[in-house]
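Have a look at the structure below, then the notes.
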Amino acid sequence: MTVRRKYSRRAITKQLGSIAGGAALFGPAVAGALAKTPSQTEGPFYPPAPLAETDVDLTLLDGHTERAAGDTILVRGRVTDLAGKPLANARVDIWQANHWGRYAHPRDRNPAPLDPNFQGIGIAYTDADGYYGFRTIRPAPYPLSAMGDSGMRPRHIHFKVAHEDAGKVTTQMYFEGDPLIADDVVMRGTPQELRHLLITSAVEDPETGLPLHRFDIALG
Amino acid sequence: MTRVFDRTDSSVVVVIGSGAGGGTVANELAQRGIDVVCLEAGKRLTLADVVNDPPTMDERMGWHDERDGKPVWLCKTVGGTTMRWSGVSPRFEKHETQALSTYDGLEDTSLIDWPLRFEELEHYYDLAEDKMGVSGTHGTPASAENNNYKVLKAGAQQIGYSRITSGRMSINSVSRHGRPSCRQIGFCNSGCAIGAKWSTLYTEIPAAEKTGHFELRSECMVLAINHDKAGRISGVVYRDASGTMHEQKGRAVCVAGNVVETTRILLNSATSKYPTGLANSSDQVGRNYMRHMFGFALAIMPKPVNFHRGARQSGLVYDEQDHNPKRGFAGGYLFETLSLDPLNVAAFVGGWGPGTSQYNDSYTHLAGLFLVGEDPPQADNRIRLHPDRKDHNGLPVPVLDYTDHANTTAMREHGVTRARAIYESLGAVEFWGGEGPPIGCHNLGVARMSANPEDGVTNGWGQTHDIDNLFVSDGSVIPTSGAANPTLTIVALAIRQADYIAGQMKKRNL
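Each protein sequence line maps, in turn, to chains A and B.
Following the working numbering, the numbering of the first sequence begins with 1 at its first residue and continues without gaps.
Following the working numbering, the numbering of the second sequence begins with 221 at its first residue and continues without gaps.
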């Protein structure tokens with residue numbers, strides 16, 4: 001693992017949460033009736049308390065000089081109600097496997113390495129326009145055999161989103177083009193016509209050149 | 221010509237392991253036009269990586285993952301144990317494949333007869349011997365007679381043995397199939413630096429690659445095998461050199477990880493549908509683990525032998541292979557020449573003191589042999605997974621339970637006595653004979669072929685009784701050990717299995 005340039009934490013947070021960036025890239029949020037974001041299982045790997053660090057940059061831990069292994073990505077989106085109205089101050093939790101497909105969780109018995117430089121979880125609160133943003137790495141697929149089941153989970157990031165008035169959803173975000181999605185045991189539980197709402201594609205973020213995945217959430 | 225297959229391509233056959241069983245079945249399938257992805261945990265060495273230094277080569281190609289129990293002399297390298305083996309290639313005798321019928325009444329054993337016709341196996345022995353260049357077959361001369369062999373032969377004749385040969389070695393006695401003949405370098409167990417000894421690394425693997433139907437993925441450690449809802453095998457989960465886990469889809473899977481890994485993979489693939497592991501409804505996976513009766517003999521001869529010069533093993537005596545209960549045990553054994561390096565001489569003779577130093581002071585005068593014989597299967601000689609302990613890979617540690625059967629002990633005593641007679645007939649000054657340090661390199665059983673699904677794991681073609689597209693393709697399928705070093709039989713069975721799989725695919729049964 002190579003030592004990478006350390007970024008300013010504040011700059012990243014600001015950039016990830018940037019309203020202008022989101023609007024410029026994706027255009028304004030469409031007002032009107034939206035499909036509710038489908039829920040999926042929370043799974044067994046939400047990190048156990050106490051959580052050491054939960055900021056929006058999962059690739060860098062306090063006091064570390066090395067970043068998390070893997071391909072860095074940005075995940076950004078807007079939390080709205082079903083009418084498309086932005087929801088401010090919604091809590092967005094994400095957690096995920098590392099570059100080798102391993103969760104930092106005692107119940108994950110997969111024989112893949114832990115990454116001492118990967119935060120594994122991040123918590124954000126949406127800004128006044130409903131935007132949240134994280135810097136993380138693209139997680140690897142992993143086999144279910146260690147959990148006593150067969151098959152592979154596709155790459156995914158777990159989401160738990162809650163807003164005081166609009167309610168909450170627990171779900172998972174996927175990566176377009178992943179061949180494992182079609183057979184996925186979790187995705188099979190989501191109606192075919194709603195699956196696209198959970199699959200994201202990447203555009204290049206003009207500020208950083210990193211792949212940027214847009215994942216909007218509609219609560220209701 | 222090397223193909224690269226997509227991991228989602230479910231039309232391929234996935235072969236786990238690239239040694240005698242896996243390398244052979246993979247090449248034989250590719251030769252029949254069937255697409256194969258071969259997953260191998262070890263690195264792909266070249267002949268330039270082979271040096272004549274056992275500790276260095278053990279570091280480069282040995283399998284060092286944690287075990288609980290007796291040591292097992294395995295390899296994690298492309299070619300598997302065909303890189304390390306000595307090349308001794310005798311056939312099983314017919315009565316050894318009918319062990320239950322022949323040795324009926326041997327207590328505390330789980331003997332069965334092999335579920336195949338010996339005459340059919342003989343046909344595949346012919347093919348295997350041709351492929352491997354076994355000396356003294358297919359018009360090739362016997363191997364060169366080194367001094368250690370000449371001593372064994374003379375002594376054996378002195379005490380009345382007559383079935384003695386310097387042949388049946390998978391080391392070219394003449395250059396053949398693009399590989400040179402043996403130069404009598406020695407150090408055969410470090411890998412053969414000139415490629416005269418048969419190894420899948422430079423025979424089966426490149427031959428398969430030439431077909432355009434084969435992809436080798438080295439440094440890919442298999443973790444588990446997946447199945448679909450109906451219970452048929454759908455793919456194989458492995459971890460690549462970077463540590464990332466993947467699944468290779470496939471229409472069928474051949475497991476050839478050598479007995480310890482084959483057991484671990486099958487048991488570690490337990491799911492809610494197969495709670496005791498794959499192909500294990502009979503509770504036979506991991507059981508009936510056999511290692512052969514091993515015995516060793518060293519003698520200080522009156523004149524120099526220099527047994528380190530030349531192929532490490534180069535000849536055998538068959539006279540005690542027959543089943544002759546009058547000797548006080550069932551089944552038989554072989555005498556095979558064997559040279560040891562000074563370190564191993566000390567390890568075998570044992571301890572400090574005058575005995576050990578006398579043997580190494582007399583190193584130039586040493587002659588030696590290896591006894592290998594029938595090891596009856598016992599259900600409690602088994603490989604299982606440790607309930608808690610995980611190795612550095614995060615995989616459950618294999619536990620090896622193995623104790624000698626009384627038949628094995630009696631056979632070893634007989635063999636050591638006869639070995640003493642061989643060397644003393646030529647005036648040996650000193651003789652040491654015994655079990656030696658445990659070396660588990662003839663690993664057999666654990667997923668044996670059986671006519672009755674309750675007695676074993678696979679049918680006569682290595683196809684598991686429980687799952688029709690799951691095969692076992694290594695020494696794990698061998699139901700009883702016989703006296704013969706197993707590699708030739710593993711290769712013969714792998715060729716036969718490839719014929720069967722190709723036939724089943726043609727009939728659209730697979």
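Beta carbons: idealized from backbone N, C-alpha and C, even for Gly.
Q.
Just list the residues that DSSP pairs A/Gly77 with in beta bridges.
A. Beta-bridge partners assigned by DSSP to A/Gly77: A/Tyr132.
Practice task
Mind checking which residues open and close the alpha helix (DSSP H) that includes B/Gly593?
Solution key: If you look at B/Gly593, you'll find it isn't in any alpha helix (DSSP H); it sits in the beta strand (DSSP E) that goes 586-593.
Q. Interface residues of chain A around B/Gly463 at Cβ under 7 angstroms?
A. B/Gly463 reaches chain A at Trp100, Ala112, Pro113, counting residues in chain order whose Cβ is nearer than 7 angstroms.
**Message:** As a quick exercise: from B/Gly723, B/Asn488, B/Leu421, pick the residue whose alpha carbon is nearest that of B/Asp608.
**Reply:** Checked all of B/Gly723, B/Asn488, B/Leu421; the closest Cα to B/Asp608 is B/Asn488.
task = Kindly list the residues whose CB is nearer than 7 angstroms to the CB of A/Ser150, restricted to its own chain and excluding five residues on each side of it in sequence; keep chain order.
result = Taken in chain order, the residues that qualify are Leu144.
Go through its chain and collect everything with a Cβ distance to B/Gly356's Cβ below 7 angstroms, but skip five positions before and after it. Ala362, Thr385, Gly387, Arg388.
Please identify the residue among A/Gly209, A/Ile217, A/Leu180 whose C-alpha is closest to the C-alpha of A/Leu194.
Checked all of A/Gly209, A/Ile217, A/Leu180; the closest Cα to A/Leu194 is A/Ile217.
Pull out every residue of the stretch 118-148 of chain A whose Cβ sits closer than 7 angstroms to any Cβ of chain B, in chain order.
So the list reads Ala140, Pro141, Tyr142, Pro143, Ser145, Gly148, given in the order they occur along the chain.
For A/Pro211, decide whether its Cβ has a neighbour in chain B, counting only Cβ atoms nearer than 7 angstroms.
-> Chain B, which has no Cβ nearer than 7 angstroms to the Cβ of A/Pro211, makes this no.
*Neighbourhood of B/Thr244 by C-beta, 7 angstroms cutoff - its chain only, sequence neighbours within 5 removed*: For B/Thr244, where only same-chain residues beyond five positions count, the Cβ hits under 7 angstroms are Thr420, Glu424, Val711, Ala714, Ile715.
query: Is the stretch 571-585 of chain B touching the stretch 671-687 of chain B in the sense that three or more CB pairs, one from each, lie closer than 8 angstroms?
result: Judged by Cβ distances under 8 angstroms, the stretch 671-687 of chain B makes no contact with the stretch 571-585 of chain B, as fewer than three pairs qualify.
- Which whole runs of the alpha helix (DSSP H) in the stretch 682-727 of chain B are 4 residues long or more, in chain order? Taking only runs of at least 4 residues, the alpha helix (DSSP H) segments lying wholly in the stretch 682-727 of chain B are 707-726.
Exercise. Quick one: is A/Leu60 buried, meaning 16 or more other Cβ sit within 10 Å of its Cβ, or exposed?
Worked result: The residue in question, A/Leu60, is buried, as its Cβ has 16 or more Cβ neighbours within 10 Å.
Notebook entry, point to check: Would you report the Cα separation of B/Glu674 and B/Gly665, rounded to the nearest angstrom?
Noted result: Cα to Cα, the separation comes out at about 15 angstroms.
Requested in this report: Identify every residue that forms a DSSP beta bridge with B/Thr678.
Outcome: In the DSSP output, where bridge partners are listed per residue, B/Thr678 has B/Met669, B/Thr684.
* **Three-state secondary structure (DSSP) of B/Lys263** => Strand.
Inset, instruction - Mind listing the chain B neighbours of A/Pro179? Cutoff is C-beta to C-beta under 7 angstroms, in chain order. - result: Ordered by position in chain B, the residues that pass the 7 angstroms Cβ test against A/Pro179 are Thr228.
Let me see if you follow: with CB-CB separation under 7 angstroms, is A/Ser150 close to chain B or not?
At a cut-off of 7 angstroms between C-beta atoms, A/Ser150 counts as an interface residue with respect to chain B.
Quiz prompt | For B/Arg728 and B/Val233, the rounded distance between their alpha carbons | solution = Roughly 14 angstroms separates the two Cα atoms.
Contact between the stretch 654-663 of chain B and the stretch 462-476 of chain B: three or more CB pairs below 8 angstroms?
No: fewer than three Cβ pairs fall under 8 angstroms.
Minimum C-alpha distance to B/Ala704 - residue among B/Ala444, B/Met465, B/Asp595
With distances taken between Cα atoms, B/Ala704 lies closest to B/Asp595.
- Query: Comparing the C-beta of B/Asn446 with each C-beta of chain A, is any distance below 7 angstroms?
  - Reply: Chain A places a beta carbon closer than 7 angstroms to that of B/Asn446, counting this residue as a contact.
*Taking 7 angstroms as the CB-CB limit, is B/Val457 close to chain A?*
Closer than 7 angstroms to some Cβ of chain A, the Cβ of B/Val457 qualifies, so yes.
Is B/Asp378 helix, strand or coil when you go by DSSP? Note that residue 378 of chain B is Gln in the sequence shown here, rather than Asp. Three-state result, B/Gln378: helix.
- Are A/Ile121 and A/Pro47 touching if we call contact CB-CB under 7 angstroms? Taking 7 angstroms as the cut-off, the beta carbon of A/Ile121 is found closer than this to the beta carbon of A/Pro47.
Next on the checklist: I need the DSSP call for A/Gly21, collapsed to helix, strand or coil.
Outcome noted: Residue placement at A/Gly21 is poorly supported in this model, since its pLDDT is 44, which falls under 50; the coordinates still yield a value, given next. Helix at A/Gly21.
Would you list, in sequence order, the uninterrupted alpha helix (DSSP H) runs of no fewer than 4 residues that lie entirely inside the stretch 469-552 of chain B? Assignment of alpha helix (DSSP H) within the stretch 469-552 of chain B, counting only whole runs of 4 or more residues, yields 478-488 in chain order.
Segments of 3+ residues assigned as beta strand (DSSP E) that fall wholly inside the stretch 613-662 of chain B = Fully enclosed beta strand (DSSP E) runs of 3 or longer: 616-621, 650-654.
Contact list for B/Asn613 against chain A, beta-carbon separation under 8 angstroms:
Residues of chain A whose Cβ lies closer than 8 angstroms to the Cβ of B/Asn613 are, in chain order, Pro111.
Beta carbon of B/Ala599, beta carbon of B/Phe434: below 7 angstroms? Contact flag unset, no.
- [ ] Taking only the alpha-carbon atoms, compute the straight-line gap between B/Val256 and B/Leu267 and give it to the nearest angstrom.
- [x] Spanning the two alpha carbons is a distance of roughly 24 angstroms.
Straight-line Cα distance separating A/Arg109 from B/Asp611: Counting only the Cα atoms, A/Arg109 lies some 12 angstroms from B/Asp611.
Short-range partners of chain A found in the stretch 490-503 of chain B, where Cβ spacing is below 7 angstroms:
Shown in chain order are the members of the stretch 490-503 of chain B whose Cβ falls below 7 angstroms from a Cβ of chain A: Ala490, Thr491, Ser492.
Nearest CA to the CA of A/Gln82: which residue from A/Lys36, A/Arg138, A/Arg214?
First, the amino acid is wrong: residue 82 of chain A is Leu here, not Gln. Looking at the Cα atoms, A/Lys36 is the closest of the given residues.
(request) Measure from the alpha carbon of B/Val298 to the alpha carbon of each residue in B/Gly289, B/Trp283, B/Ser502, B/Val308, then state which is nearest. (result) The shortest Cα separation from B/Val298 among B/Gly289, B/Trp283, B/Ser502, B/Val308 belongs to B/Trp283.
Practice problem: Could you check the C-alpha separation between B/Val537 and B/Thr491 for me, to the nearest Å? | Solution: For B/Val537 and B/Thr491, the distance between alpha carbons rounds to 48 angstroms.
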